[in-house]
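Some notes on the structure that comes next.
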Amino acid sequence: MSTLTAGDTTSPTQAAPRQARQPEPLARFWTQLRFMARRDRVRGPVWVVSFVGLVAASAASVVGLYSTPEDLQSYATVAQANAAIKALTGPGYGLDAPTQGAVVMNEVSLYTYVAIALMCIFMLVRHTRAEEETDRAELVRAAPVGRYATLAAAITWVFLLSLAISVGNSIVMVAFGLSAGGSLAYGAATLATAWVFIGVAAVTAQVAASARASLSMAGSVLGFFFLVRAVGDMGNGWMTWLSPIGVAQAIRPFADERWWVLPPLVVLGTALVVAGWMLMGRRDLGAGLMSQRPGPAEASESLDSPFALAVRLQRASATGWLAGITIIAFFMGLVADQADAFADNEAIAELFAQSGQGTITETFLATVVLMLALFASGFTVAAVLRLRSEEIAVRAEPILATPVDRRSWLWSHLGVSVIGSIVLMLSGGLMTGLGYYAVTGDPDQLLALTGASATMAVGLIVLATFTAALFGLSARRSIFAWSSVALVLVVGLLAETLSLPQWVRNVSPFEHLPAMPAASFDLVPVVILLIVAVALEAFAVFALRRRDVG
Amino acid sequence: MDTAIAIENVVKTFGATRALDGLNVEVSTGEVHGYLGPNGAGKSVTIRTLLGLLRHDSGTVRLLGGDPWFDAVDLHHRIAYVPGDVSLWPNLSGGEIIDYFGRLRGDLDTAKRDDLIERFELDPTKKSSTYSKGNRQKVALVTALSSNAELLLLDEPTAGLDPLMETVFQSAIAEAVAEGRTVFLSSHILAEVEKLCDRVTIIRNGRTVLSGTLDDLRTTTRTSIVAATGRPPDGLADEPGVHSVHTDEAGHVHVQVDNAQLADVMRVLASFEIISLVSQPPTLEELFLAEYDVSTPVRNAQMPAPADPEARL
Chain A
-7 MSTLTAGDTT SPTQAAPRQA RQPEPLARFW TQLRFMARRD RVRGPVWVVS FVGLVAASAA
53 SVVGLYSTPE DLQSYATVAQ ANAAIKALTG PGYGLDAPTQ GAVVMNEVSL YTYVAIALMC
113 IFMLVRHTRA EEETDRAELV RAAPVGRYAT LAAAITWVFL LSLAISVGNS IVMVAFGLSA
173 GGSLAYGAAT LATAWVFIGV AAVTAQVAAS ARASLSMAGS VLGFFFLVRA VGDMGNGWMT
233 WLSPIGVAQA IRPFADERWW VLPPLVVLGT ALVVAGWMLM GRRDLGAGLM SQRPGPAEAS
293 ESLDSPFALA VRLQRASATG WLAGITIIAF FMGLVADQAD AFADNEAIAE LFAQSGQGTI
353 TETFLATVVL MLALFASGFT VAAVLRLRSE EIAVRAEPIL ATPVDRRSWL WSHLGVSVIG
413 SIVLMLSGGL MTGLGYYAVT GDPDQLLALT GASATMAVGL IVLATFTAAL FGLSARRSIF
473 AWSSVALVLV VGLLAETLSL PQWVRNVSPF EHLPAMPAAS FDLVPVVILL IVAVALEAFA
533 VFALRRRDVG
Chain B
22 MDTAIAIENV VKTFGATRAL DGLNVEVSTG EVHGYLGPNG AGKSVTIRTL LGLLRHDSGT
82 VRLLGGDPWF DAVDLHHRIA YVPGDVSLWP NLSGGEIIDY FGRLRGDLDT AKRDDLIERF
142 ELDPTKKSST YSKGNRQKVA LVTALSSNAE LLLLDEPTAG LDPLMETVFQ SAIAEAVAEG
202 RTVFLSSHIL AEVEKLCDRV TIIRNGRTVL SGTLDDLRTT TRTSIVAATG RPPDGLADEP
262 GVHSVHTDEA GHVHVQVDNA QLADVMRVLA SFEIISLVSQ PPTLEELFLA EYDVSTPVRN
322 AQMPAPADPE ARL
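Here's what the structure looks like:
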């Protein structure tokens, strides 16, 4: 950026002196901020409420399960016994003399920080680069709006959302009777993490060639930092300090809080925000600093059907899901043989006992398979809902103006969802089995787990066809398919904690599938659920053929 | 089959809005039919109904002898479509998208495609997120024009094209017509419709207000005449079929005459010793404006002639 000032001696005849700043770089900042709040009037509160609600539910289950010093001690022993567990939770600050606060933190803090980082990335890119791609930003910038007003308003808006979540999280901890100092430290660590990733997204939004690329670049940074701290936590302690997430955990809420760890995060976040700010002045509206690479002049032979296009459009995100589930599943397999140790805790033993008739390890593995399915349900529903965004973006219309039947078009993204879900589950089961084999040398679970997760995939197929049925009724309202994901998550994870009545649990397809390998395979529920899926698909096609498209 | 499109009394509602309200359109095979109307008149709704994307509430729609809702897939083998607002997959290149649609239609003609890409000066290797509106439009045009469809449904196809590309478009349409194809062209650009179309339909608020060949439309309306006469044309305004008479500073008389009474009025005018005379049929623009604005004199209003009389002399 050039820095000509009034006192500069540069010749005035030099062509169009490039001023470093517009006279009012933040003009209309408040209008932009109010506009973002208006656009997110549903999305914003949903993030805050569901985020704080999930933290509250997790805290409730921990507080309920670990009430005596003996319970806490047995948790601490297990949580520190195994490097793989540390990779998935953190180094276990304060578990030497475990308190409920320290155990809650060990269970929720890592995922709090990852989730808030994701929210910041999504929301910041949504209000900056994604807007530019719709040409709406052009209209805005044609008005007397400062060049930096949108970025500044987006940063402020996402910060305010993060603040609401952080304050909510602190209040939840206080509400569960945990110390005020620790609760405050947890909230502060959440907010500091948010600030760092607001900065990361503010930079990637300037650098990457498209909105989608900014998202995946920022997501890769998050994934990288997650792995760096995992390696650090598993042994190589200093690497924890190279990751903002590791540093955020090192604030140690409820375990002799280290407040001095907070400023470095704030400084890092601020530096990134400033960097994003400066890069913003160097790029064109709608274009990143990295330019779009040219594509092929002709389509490859395989791009010849709506399904082929759906595969093409979704392969990047599906690969991400596959990588995620593979890593998680492998780690879960590694820790499975530690499950016996949990059995000292009566509450946990009871929890396991009611979910199956196998050994504790088998019951744990069955729970892992269920978790993988719950995780994959995000992909399952999102993949079908690509139909929705395609229709809303008027990209369905030209396809349906060609000799493509509505059913084939429905099956394009539905097919990706169903096939992708099966692949995710198979690889999840296989990787869990491999992890288990790596620790125990017992290959028997390899096949059993693959079969178990294939069985659980039937539940995902039901979710996919349910989403398709909603889409058949109405494109816009099909977004409510996400409530089915929320429901299976609540039933799968919190049914006991919340003492849900049986009829509510029965709504989740996963409740009916055999909890293998703890339970033995049962064909009846599998067949019934497949019939349900076929019926939902038929309904989806029936409804879609009857409504207006576009 | 002589009728490519037959729309009779079609009603389509969206909640309380009546987007099509008893619409009638007829397009003969082999013609270029202009479809005009202001924003929100129902042009795009008509085309989406023809594509079987929207289901009309009442009336009948026939497209190439079939029902566009029930026979959608079969009919779509025979039609090609250019949407008004072209939305493309941002991370696919223009070339990939053209080929994809060609394969969906099943008649990808690579020679024709390459020729059109060259004539429209489109760079097919660019990701579609980097295309301007005009370039997105070109992708849609190349897609539709390189097909072998019998019927082209074009929804404001030249919006965003520069004048050079508009010329390319017009010659491509002329070629399509020479091959015996039918073109249904919704447009705002009246000069383009006048140049390309055999017949036009003008709609307003989902109803047909005018339909026919341009000549038909002109004869049902008025001719504007500017004359210099030896004697002041007293009493001319009282003749039947004469409207909005006025005399400008130069002494020229301006008058609108119903075409049915043209011969009689000319006889009367001649009796005032004509020195010079300019007569003009109404332009499409005047026809169009007349349907939408009562203040224009072409059809039924008694208003002064346009403020720029020199333009007529």
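Those protein sequence lines, which keep their order, are chains A and B. Heads up: the first sequence begins at -7 in the working numbering, then just goes up one per residue. Heads up: the second sequence begins at 22 in the working numbering, then just goes up one per residue. For each residue, glycine too, the CB sits at the ideal point set by N, CA and C. These figures come from a predicted structure and were not determined experimentally.
Exercise for the section: Can you give me the start and stop residues for the beta strand (DSSP E) that B/Glu200 sits inside? Expected result: Segment: none, B/Glu200 is in no beta strand (DSSP E) and carries neither H nor E.
Problem - Residues that A/Arg244 bridges to, as DSSP identifies them - result: In DSSP, A/Arg244 forms no bridge with anything.
Handout entry: Contact with chain B by A/Gly295, beta-carbon distance below 8 Å
Key = One point to set straight first is that residue 295 of chain A is Leu, not Gly, in the sequence displayed. Yes, contact with chain B.
Exercise for the section: Rounded to whole angstroms, what's the CA-CA distance from B/Ala62 to B/Leu310? Just pull it up for me. Expected result: 14 Å
Problem - Collapsed DSSP secondary structure at B/Asp42 in the structure displayed - result: strand
Exercise for the section: Indicate whether at least one CB of chain A lies closer than 8 Å to the CB of B/Asp106. Expected result: Yes, B/Asp106 counts as interfacial toward chain A.
Exercise for the section: State yes or no: is the beta carbon of B/Arg69 nearer than 8 Å to at least one beta carbon in chain A? Expected result: yes
Exercise for the section: Could you pull out every residue in the same chain whose Cβ sits closer than 6 Å to the Cβ of A/Gly261, ignoring the five residues on either side in sequence? Expected result: Trp187, Val188 and Gly191
Exercise for the section: Write down the C-beta distance between B/Val48 and B/Leu109 rounded to the nearest angstrom, noting that I regard them as a contact closer than 8 Å. Expected result: Not really, about 28 Å apart at Cβ, beyond 8 Å.
Exercise for the section: Please state whether DSSP places B/Ser25 in a helix, a strand or coil. Expected result: Checking the displayed sequence, the identity of residue 25 of chain B turns out to be Ala instead of Ser. Of the three classes helix, strand and coil, the one that applies to B/Ala25 here is strand, per DSSP.
Handout entry: Proximal chain A residues relative to B/Arg76, where beta-carbon distance stays under 9 Å
Key = Arg538, Arg539 and Asp540
Handout entry: Spatial distance of A/Ser369 from A/Trp149 (CA atoms)
Key = 29 Å
Exercise for the section: Within its chain, find whatever has a CB closer than 8 Å to the CB of B/Glu339; leave out the 5 residues flanking it on each side and keep chain order. Expected result: Outside the shown range of chain B, which is 22 to 334, sits residue 339 of chain B, and nothing can be said about it.
Problem - Beta-carbon gap between A/Asn98 and A/Leu110 smaller than 8 Å - result: no
Problem - Exposed unless 16 or more other CB atoms sit within 10 angstroms - verdict on B/Ala132 - result: By the neighbour-count definition (other C-beta atoms within 10 Å, threshold 16), B/Ala132 is an exposed residue.
Practice task
Kindly indicate if chain A contains any beta-carbon less than 8 Å away from that of B/Leu84.
Solution key: no
Handout entry: 8 Å Cβ cutoff, A/Asp0 in contact with chain B
Key = Here the model assigns A/Asp0 a pLDDT of 43, short of 50, so the residue's position is not dependable and the matter cannot be decided.
Problem - Local Cβ density within 10 Å of A/Pro90, reported as buried at 16 or more and exposed below that - result: Buried: at least 16 other Cβ atoms inside 10 Å.
Handout entry: Interface partners of A/Leu392 on chain B, CB under 9 Å
Key = Residues of chain B whose Cβ lies closer than 9 Å to the Cβ of A/Leu392 are, in chain order, Leu72, Gly73, Leu74, Ala93 and His97.
Exercise for the section: Evaluate contact between the stretch 194 to 201 of chain A and the stretch 274 to 281 of chain A, counting only Cβ atoms and requiring at least three cross-stretch pairs below 8 Å. Expected result: yes
Exercise for the section: Note down, in chain order, every chain B residue with its Cβ under 9 Å from the Cβ of A/Val386. Expected result: Pro104, Asp106, Val107 and Ser108
Practice task
Could you tell me how far apart the beta carbons of A/Ala358 and A/Ala487 are, in whole angstroms, since I believe they sit closer than 8 Å?
Solution key: Not confirmed; about 15 Å, so no contact.
Practice task
Output, in chain order, the set of chain A residues within a Cβ distance shorter than 9 Å of B/Leu113.
Solution key: Gly287, Ala291, Leu295, Leu301, Arg304 and Leu305
Problem - With 16 other Cβ atoms within 10 Å as the buried cut-off, status of B/Pro104 - result: buried
Practice task
Consider the Cβ of B/Thr146: report whether some Cβ of chain A lies at a distance smaller than 8 Å.
Solution key: yes
Exercise for the section: Compare the beta carbon distance of A/Leu521 and A/Ala460 with 8 Å and say whether it is the shorter of the two. Expected result: no
Problem - Alpha-carbon spacing of B/Gly36 relative to A/Arg33, whole angstroms - result: Cα to Cα, the separation comes out at about 25 Å.
Problem - Three-state secondary structure assigned by DSSP to A/Phe168 - result: coil
Practice task
Would you list the residues sitting across from B/Val82 in a DSSP beta bridge?
Solution key: Under the DSSP definition of a beta bridge, B/Val82 partners with B/Ile28.
Practice task
Quick one: which residues of the stretch 120 to 134 of chain B get their C-beta closer than 7 Å to a C-beta of chain A? List them in chain order.
Solution key: If the cut-off is 7 Å between Cβ atoms, the stretch 120 to 134 of chain B has Asp120, Tyr121, Phe122, Arg124, Leu125, Arg126 and Gly127 near chain A.
Problem - Three-state secondary structure (DSSP) of B/Val163 - result: helix
Handout entry: Minimum Cβ-Cβ distance from A/Pro395 to chain B less than 8 Å
Key = yes
Handout entry: B/Thr229, DSSP secondary structure in three states
Key = strand
Practice task
Report, in whole angstroms, the separation of the C-beta atoms of B/Thr203 and B/Gly73, which I expect to be a contact under 8 Å.
Solution key: Not a contact, Cβ separation roughly 17 Å.
Handout entry: Rounded straight-line distance, which links the Cα of B/Leu129 to that of B/Arg225
Key = 37 Å
Exercise for the section: Could you tell me whether the Cβ of A/Gln24 comes closer than 8 Å to any Cβ of chain B? Expected result: So no, A/Gln24 is outside the interface.
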